[in-house]
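J.: Residues in the sequence shown are numbered from 1 upward in steps of one, following UniProt numbering. Glycine included, every Cβ here is placed at the ideal spot set by N, Cα and C. Given the structure is predicted, the values throughout are model-derived calculations rather than measurements.
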Amino acid sequence: MTKTNIVIMTMLLLMNILIMMMMLMMMNGDDDDDDADDDEVVDDDDAAADDDDGDDDDKYSITSANRGL
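1) The ligand MG heavy atoms versus the CB of M20: any closer than 7 Å?
2) Please report whether the beta-carbon of L13 lies at a distance below 8 Å from any beta-carbon of chain C.
3) From the DSSP output, in three-state form, read off M21 for me.
4) When you compare only the Cα positions, how much space is there between L18 and M27?
5) From M20 to T10, what distance separates their C-alpha atoms?
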């Protein structure tokens, strides 16, 4: 192979790698549209214990079951 062929093949390979990296970066983009607001604070402990069905869900949790041991 001549020097020109090697240079052209190397350039094509580098362009191919660059295009693949750009495609990966586009697919891995940060989608903030479906996420909740970052400022919104959700307290998971209160949400699990208060589901308005009348019973105390906290007494059925694993941590409350281990308190009696």
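T.: Reading it off the structure:
1) Annotation note on the ligand MG: not contained in the displayed structure, which lists no ligands.
2) No chain C is present in this structure, which holds just one protein chain.
3) helix
4) 14 Å
5) 15 Å
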